[in-house]
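J.: Line order of the protein sequences matches chains Y and B.
Quick note on numbering: the first sequence equals residues 1 to 666 in the working numbering.
Quick note on numbering: the second sequence equals residues 1001 to 1166 in the working numbering.
Virtual Cβ for every residue (Gly too), placed ideally from N, Cα, C.
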Amino acid sequence: MPKKDHKTNGLPRVGFYICHCGSNIAGTIDVAAVREYAAGLPGVAVARDYKYMCSDPGQELIASDIEKYGLERIVVSACSPNLHEETFRKAAAKGGLNPFRVQMVNIREHASWVHTDRASATEKAKDLARAAVARVVHHRALERKRVPVDPNVLVVGGGIAGIHAALTLANAGKKVTLVEKEATIGGHMALFDKTFPTLDCAACILTPKMSAVKAHPNIRLWTWSEVEKVEGYVGNYKVTVKRKPRYVNEDLCVGCMECIDACVYKEPKFHDKFNQGLGKRKPVYIDFPQATPKVVLVDPETCLQLKTGKCQKKCASVCDRNAFDFGQKERSEEIQVGSIVLATGFRTYDAKKDKQYGYGRYPGVYTALEVERLVNASGPTSGEIKLRDGREPKAVGIIHCVGSRDEKSNKWCSRVCCMYSLKLAHLIKEHSGAEVYNFYIDMRAPGKAYEEFYDKLLGEGVHFVRGRVAEVTDWAVSPEEEGKLVMRVEDTLAGIVRRIPVDMVVLSTGLEPQADAQEVRRRFNIGCGSEGFFQERHPKLAPVNTFTDGVYIAGACQGPRDIPDTVAQAGAAAAEALALIDAGHVELEPNTSAVAEAECSGCKTCVPLCPYGAVSFDEAKRKAAINEVLCKGCGVCAAACPSGSITQNLFGDDEIFSEIEGVLAK
Amino acid sequence: MSTVKFEPKIVAFFCNWCTYTAADLAGVSRLKYAPNVRVIRVMCSGRVDPQFVVEAFAKGADGVLLGGCHPGDCHYAEGNYKTLRRMKMLERMLKAMGVEDGRFRLEWISGAEGDKVRSVVNEMTEKVRSLGPLDLPGKFREWDKEIEELEARVKASEAEEEKIHA
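Structure below.
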């Protein structure tokens, strides 16, 4: 029952609520002054301020006021609508009001946090309040559209993150397609020998999970494949996947590898990408013995048959399964899924960019990933640490933070380098008995049992020098430096400049976004942070969600992280996808556009503008029509309509014009 | 003689997915910028009808800022291209209407560029401050007054003529 104690002159009765947000807002904005000002605005039946509007009592205040004062509209002046619009819509609904009759005013992110002058920030808050009250009057009651969610999931990237997410989803009974651009799943983890801080063998913990993916009845594994196109919306995505030719029938090959022995090239002579170029492979190859799927592939760049069409094809003739198919072509396949988990990982910093360390110039300088392969029992040297010239190093220097924490390259800490450098120091010492020096800026070991691992290394006699290495040089100035690589560094703890001769230098390169991260994020319609990693919806509260509903991110594609954190995040992304699937449906924001037929002149201006094909032209009626299911609510058609006959829900001309007038009126 | 320092009023239309988010980020990062901008949120910069911009000037804005996603980054595929097309035409029209360069600005600001919100708002506030008030409502009143005076003069002279002929 509307109380008749307040005149609103026939306008809908508005409740105005302003939040202190502790001191976040009230510290800069005179909340009481804004409340008093709003109380005098046309239509406002009640105006209140409260310490925390988003708290239960704050929401309750709105819900109970709706009945008490017969409120028909709500304005909440608080934080960003991207954070709490949903909260206050629910509060309104609880009080019996249509949730879309709520408008938020952002005076925290857009005012109190960015301004210092109390008077002008308060003035701004009043202007914004006036605009919101003017606009909310026009808010119509709207209904959310419900659409069913396709229970199938796409996981992109077959590193440990993608593997874990796929298995979690598949174990919950969901059908998963796992797409990996390389020929095998496993990602970076498959390159490692041991993992910090437990020193358990990477292959021993990873390969069972890889096999489980291959064997799982709910997982369809597509390696050597890339996502080309993504269409649709949350719950209903149509994804086109490019399947590159392996020239070997995946269903027939059993991975016996006899074809590799039979190849006309007697010796492996081509760059072996998997072994970081430290080993060689043949044109027909498999990345590593536990590759999953265990299927060989043929490299068209180096295979004689594919290059010239003239080869004895010994590989094909020894294959008793007849798996070879040199006529295979690239093809595209379309799949339907409801949600997508992106786990596309990272790349390591290009060590060549830091010229002072001589990578690519001195053969004794290695990247950490190369050393991972050198210490790996299944690597090119079977785990023996041998330099490119065959010598065993007597002294090894490990430089931390190459391409991390550096104004000239990447500003961020890559989080894993300290720990993997310690691990490599341990392994190098164990495998070769060499003296090992770690050159670090700060030692970062903030994980379970990480600091203890550092302590253990200190006890093992590994040397630690605090300082950023200035240069690696072969210019000897004393007899003991002859034939060595000399590391010039200011030891900032001892306060002296040192020259330390070593045989091998290891560059602990940092983690970077994938080279194609920008293309990939555009394809999936998500954002990247300024450093290029995929942007999460909220850094704390929605770390695996993105701004596109139904698309989740996991692992190092979102930022540098180690294996335990990656696995935890992959589980979280799978859980988010499961929550969406098990709800069975999604409710879409009703901010779609519609044509007022009576006013439409049939000019067709709007028809070609819609990127989703939602606007069509009804030839019989000579009017435009908008398909509400296809419409995504951008409003581009509403802006273009010369007769003003297209209205976008929540962003109608009347709403925006009154907002403009509102912010400017005095 | 005391003069009140002119504080420009700038109306901004920010797209939800990039520039509005960037402004949120600026807030979360506690960047400080001029308090002269009043942000109106739209889902896409492509929703901004040139009439919104004209209306803002007509209702007293000294400047109008429009922020959208970078080309190729639009949440709605290509809404920002339509914005660009429209606003290029609008810029010519504004010039013809006597609205100086610098009072209207179109910027692509991604969700990660909180600092760009800060620098663009600060630059624009300074620019508009140096241009002084636009005060279209005041000009409208002046123009209306001129027209009224003109009408009155015409009426008076017509009356005069009628008298002569009568």
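Would you say K1009/B faces chain Y, with C-beta separation under 8 Å as the test?
T.: Against the second sequence, residue 1009/B aligns to sequence position 9. So, interface residue.
J.: Would L947/B count as contacting chain Y if we go by Cβ distances under 8 Å?
T.: Given that chain B is displayed from residue 1001 to residue 1166, the structure contains no residue 947/B and the question cannot be resolved.
J.: Would you list the residues sitting across from T647/Y in a DSSP beta bridge?
T.: For the purposes of this step, residue 647/Y is identified with residue 647 of the first sequence, where counting begins at 1. T647/Y is bridged to A594/Y.
J.: Residues in the same chain with beta-carbon distance under 8 Å from A351/Y, minus the five sequence neighbours each way, listed in chain order, please.
T.: Taking the first residue of the first sequence as position 1, residue 351/Y is located at position 351. Taken in chain order, the residues that qualify are Y357, Y359, G360, V365, T367, V402, G403, L507, T509.
J.: Is V341/Y near A554/Y, with beta carbons less than 8 Å apart?
T.: Locating residue 341/Y in the first sequence gives position 341, counting from the first residue. Locating residue 554/Y in the first sequence gives position 554, counting from the first residue. Closer than 8 Å, so yes.
J.: Compare the C-beta of I1109/B against all C-beta atoms of chain Y and say whether one is closer than 8 Å.
T.: Position 109 of the second sequence, counted from the start, is the residue given in the question as residue 1109/B. Closer than 8 Å: no.
J.: Could you check the C-alpha separation between I107/Y and A125/Y for me, to the nearest Å?
T.: As a position in the first sequence, residue 107/Y is number 107, starting the count at 1. As a position in the first sequence, residue 125/Y is number 125, starting the count at 1. Distance between the alpha carbons of I107/Y and A125/Y: 6 Å.
J.: Check S1002/B in the structure and name its three-state DSSP category.
T.: The residue given as residue 1002/B occupies position 2 in the second sequence. Because the pLDDT at S1002/B is just 47, under 50, the model does not fix this residue reliably, and the value given afterwards should be weighed accordingly. It is coil, neither helix nor strand.
J.: Please compile the residues from chain Y whose C-beta is within a distance smaller than 8 Å of the C-beta of K1088/B.
T.: Your numbering for residue 1088/B matches position 88 in the second sequence. In chain order: nothing, as chain Y lies at least about 15 Å away.
J.: What does the alpha-carbon distance come out to for the pair N649/Y and I74/Y?
T.: The count along the first sequence starts at 1 and reaches residue 649/Y at position 649. The count along the first sequence starts at 1 and reaches residue 74/Y at position 74. Using only the alpha carbons, I get a separation of about 17 Å.
J.: Looking at chain B, which residues of the region 340-373 of chain Y have a Cβ within less than 9 Å of any of its Cβ atoms?
T.: Those residues of the region 340-373 of chain Y that come within reach of chain B (Cβ to Cβ, closer than 9 Å) do not exist; the list is empty.
J.: Return the bridge partner residues of Q336/Y from the DSSP annotation.
T.: Taking the first residue of the first sequence as 1, we reach residue 336/Y at position 336. Beta-bridge pairing links Q336/Y to K238/Y.
J.: With a floor of 3 residues, list each beta strand (DSSP E) that falls wholly inside the region 458-542 of chain Y, ordered by position along the chain.
T.: Taking only runs of at least 3 residues, the beta strand (DSSP E) segments lying wholly in the region 458-542 of chain Y are 463-466, 469-473, 485-491, 496-502, 504-509, 511-513.
J.: Pull up the CB-CB distance for A556/Y and F274/Y, whole angstroms please, since I reckon it's below 8 Å.
T.: Residue 556/Y sits at position 556 when you count from the first residue of the first sequence. Residue 274/Y sits at position 274 when you count from the first residue of the first sequence. 19 Å between Cβ atoms; not a contact.
J.: Checking 8 Å against the spacing of the C-beta atoms, do G1060/B and L1131/B come in under that value?
T.: As a working note, residue 1060/B is residue 60 in the second sequence. As a working note, residue 1131/B is residue 131 in the second sequence. Not closer than 8 Å, so no.
J.: How many angstroms separate the CA atom of K4/Y from the CA atom of G1046/B?
T.: Indexing the first sequence from 1 puts residue 4/Y at position 4. Indexing the second sequence from 1 puts residue 1046/B at position 46. Only weak support exists for where K4/Y lies, its pLDDT of 47 falling under 50; the coordinates are left without a value.
J.: Is the Cβ of S1002/B closer than 8 Å to any Cβ of chain Y?
T.: The count along the second sequence starts at 1 and reaches residue 1002/B at position 2. Because the pLDDT at S1002/B is just 47, under 50, the model does not fix this residue reliably, and the value given afterwards should be weighed accordingly. Output row for S1002/B: interface = no.
J.: If you run the structure through DSSP and keep just helix, strand and coil, what is T367/Y?
T.: Here the question's residue 367/Y lines up with position 367 in the first sequence. The answer is strand: DSSP assigns T367/Y an E or B state.
J.: Taking just the CA atoms, how far does G70/Y sit from P2/Y?
T.: Counting from 1 along the first sequence, the entry for residue 2/Y is found at position 2. Counting from 1 along the first sequence, the entry for residue 70/Y is found at position 70. Annotation note: pLDDT 47 at P2/Y (below 50); position unreliable, coordinate value reported separately. Using only the alpha carbons, I get a separation of about 4 Å.
J.: Measuring only the C-alpha atoms, how far is A574/Y from R140/Y?
T.: Reading the first sequence from its first residue, position 574 is the one you call residue 574/Y. Reading the first sequence from its first residue, position 140 is the one you call residue 140/Y. Rounded to whole angstroms, A574/Y to R140/Y spans 37 Å at the Cα level.
J.: Between the region 4-35 of chain Y and chain B, which residues of the former have CB atoms less than 8 Å from a CB of the latter, in chain order?
T.: Correct list: empty, as no residue qualifies.
J.: Can a CB atom of chain Y be found closer than 8 Å to the CB of V1099/B?
T.: Counting from one through the second sequence, the residue named residue 1099/B turns up at place 99. Judged by the 8 Å Cβ criterion, V1099/B is not in contact with chain Y.
J.: How about S112/Y and N24/Y: do their beta carbons lie closer than 8 Å?
T.: On the first sequence, residue 112/Y is found 112 positions in, with the first residue counted as 1. On the first sequence, residue 24/Y is found 24 positions in, with the first residue counted as 1. For S112/Y and N24/Y, yes; Cβs fall inside 8 Å.
J.: May I ask you to report which of helix, strand or coil DSSP gives P148/Y?
T.: Residue mapping note: residue 148/Y aligns to position 148 of the first sequence, counting from 1. Residue state, collapsed to three classes: strand.
J.: To which residues of the same chain is E659/Y closer than 8 Å at the C-beta, ignoring the five residues directly before and after it?
T.: The residue given as residue 659/Y occupies position 659 in the first sequence. Cβ within range, chain order: A131, A132, A134, R135.
J.: Can you confirm whether K632/Y, when its beta carbon is compared against all beta carbons of chain B, has any partner nearer than 8 Å?
T.: Along the first sequence, one-based indexing puts residue 632/Y at 632. Yes, its Cβ sits closer than 8 Å to a Cβ of chain B.
J.: Okay, do the region 486-504 of chain Y and the region 521-534 of chain Y touch, 3+ Cβ pairs below 8 Å being the bar?
T.: Contact between the region 486-504 of chain Y and the region 521-534 of chain Y is absent, because fewer than three Cβ pairs lie under 8 Å.
J.: Mind pulling the alpha helix (DSSP H) runs of 4 or more residues that sit fully within the region 22-73 of chain Y?
T.: Listed in chain order, the complete alpha helix (DSSP H) runs (minimum 4 residues) inside the region 22-73 of chain Y are 31-39, 56-68.
J.: On the DSSP bridge assignment, give the partners of L306/Y in chain order.
T.: Along the first sequence, one-based indexing puts residue 306/Y at 306. DSSP output for L306/Y lists no bridge partner at all.
J.: Please tell me whether M1043/B has its Cβ less than 8 Å away from any Cβ of chain Y.
T.: Looking up residue 1043/B in the second sequence gives position 43. Yes, M1043/B counts as interfacial toward chain Y.
J.: Any beta carbon of chain B sitting closer than 8 Å to that of N649/Y?
T.: Sequence index remark: in the first sequence, residue 649/Y carries index 649 (1-based). It does not; no Cβ of chain B falls within 8 Å.
J.: Please report whether the beta-carbon of R1038/B lies at a distance below 8 Å from any beta-carbon of chain D.
T.: Of the protein chains in the structure, Y and B, none is chain D.
J.: Determine the DSSP secondary structure at A166/Y, reduced to helix, strand or coil.
T.: Position 166 of the first sequence, counting from 1, holds the residue named residue 166/Y. The answer is helix: DSSP assigns A166/Y an H, G or I state.
J.: Consult DSSP for N171/Y and reduce its assignment to one of helix, strand or coil.
T.: Your numbering for residue 171/Y matches position 171 in the first sequence. Of the three classes helix, strand and coil, the one that applies to N171/Y here is helix, per DSSP.
J.: Taking only the alpha-carbon atoms, compute the straight-line gap between T122/Y and K1005/B and give it to the nearest angstrom.
T.: For the purposes of this step, residue 122/Y is identified with residue 122 of the first sequence, where counting begins at 1. For the purposes of this step, residue 1005/B is identified with residue 5 of the second sequence, where counting begins at 1. Approximately 18 Å between the Cα atoms of the pair.
J.: Where does A542/Y land, buried or exposed, given buried means 16+ other C-beta within 10 angstroms?
T.: On the first sequence, position 542 is the one that residue 542/Y refers to. Exposed, since its Cβ has fewer than 16 Cβ neighbours within 10 Å.
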